[in-house]
Amino acid sequence: MAREVLSIGQVRIHSGSATRNEAMKEAADILQAAGAVTGAYYDAMLQREQTVSTYMGNELAIPHGTNETKGEILESALSVVRYDGGVDWDGNPVTFVVGIAGKGDEHLEILSQIAILFSEEDDVARLKQAQTPEELFSLVSAAGV
1 MAREVLSIGQ
11 VRIHSGSATR
21 NEAMKEAADI
31 LQAAGAVTGA
41 YYDAMLQREQ
51 TVSTYMGNEL
61 AIPHGTNETK
71 GEILESALSV
81 VRYDGGVDWD
91 GNPVTFVVGI
101 AGKGDEHLEI
111 LSQIAILFSE
121 EDDVARLKQA
131 QTPEELFSLV
141 SAAGV
């Protein structure tokens, strides 16, 4: 059986805000704590952000590393962090920061599942209303992520 890419320990809710880099660092730290990436993955995320923004619209950013830094990924995993105070992502308002580490080509499938989940405003509204990390985790998991 495939290892789950998301566990309850990789989902957090913060009442406050964060800077883009703080949010990326937390995403990378969660992935590292899950054993999915090396300590160099945050730098890989920064590199990606310098070439193309990972802001996706609908209050979502999905920071991830570059193709050149795939060696920093040990196994596929996600981190999901909601910042109720928001994150200024290069001038775009972000509430959800979903860190992605995809082994091989798995990141493409993971990215598409996340994109589908966040494409519906009703779904985003439900994710914003979740009261606990457990509730947020079950909503994301129910979407097949």
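Counting from 1, one number per residue, gives the positions in the sequence shown under UniProt numbering.
Glycine residues also receive a C-beta, built at the ideal position from the N, C-alpha and C atoms.
Subject >> Backbone CA spacing between MET1 and SER15 [nearest angstrom] >> reply: Confidence at MET1 is low in this model, with a pLDDT of 28, below 50, so the placement of that residue should be treated as unreliable; the coordinate-derived value is given next. Roughly 36 Å between the two C-alpha positions.
Subject >> VAL52 classed as buried or exposed, judged by whether at least 16 other C-beta atoms fall within 10 angstroms >> reply: exposed
Original post:
Which ranges would you report for the beta strand (DSSP E) in the region 13-58 if only whole runs of at least 3 residues count?
Top reply: 17-19, 55-57
Subject >> Those residues which DSSP pairs with PRO93 across a bridge >> reply: ASP88
**OP:** Could you tell me if GLY102 is buried or exposed, where buried requires 16 or more neighbouring beta carbons within 10 angstroms of its beta carbon?
**Re:** buried
**OP:** Report the three-state DSSP secondary structure of VAL81 (helix, strand or coil).
**Re:** strand
Subject >> Start-to-end residues for the alpha helix (DSSP H) that takes in LEU136 >> reply: 133-142
Original post:
In this structure, does DSSP put LEU6 in helix, strand or coil?
Top reply: coil
**OP:** Can you tell me which of the three DSSP states VAL124 falls into?
**Re:** helix
Original post:
Among the residues of its own chain, which have a CB less than 6 Å from the CB of ALA77, if the five just before and after it don't count?
Top reply: VAL5, LEU31, ALA34, ALA36, ALA101
**OP:** Could you check what DSSP says for LEU60 in three-state terms: helix, strand or coil?
**Re:** strand
Subject >> Per-residue DSSP class, three states only, for ALA130 >> reply: coil
**OP:** Give me whichever residues DSSP pairs with VAL11 in a beta bridge.
**Re:** VAL80
**OP:** Measure the alpha-carbon distance for GLU26 versus ALA142 and round it to whole angstroms.
**Re:** 24 Å
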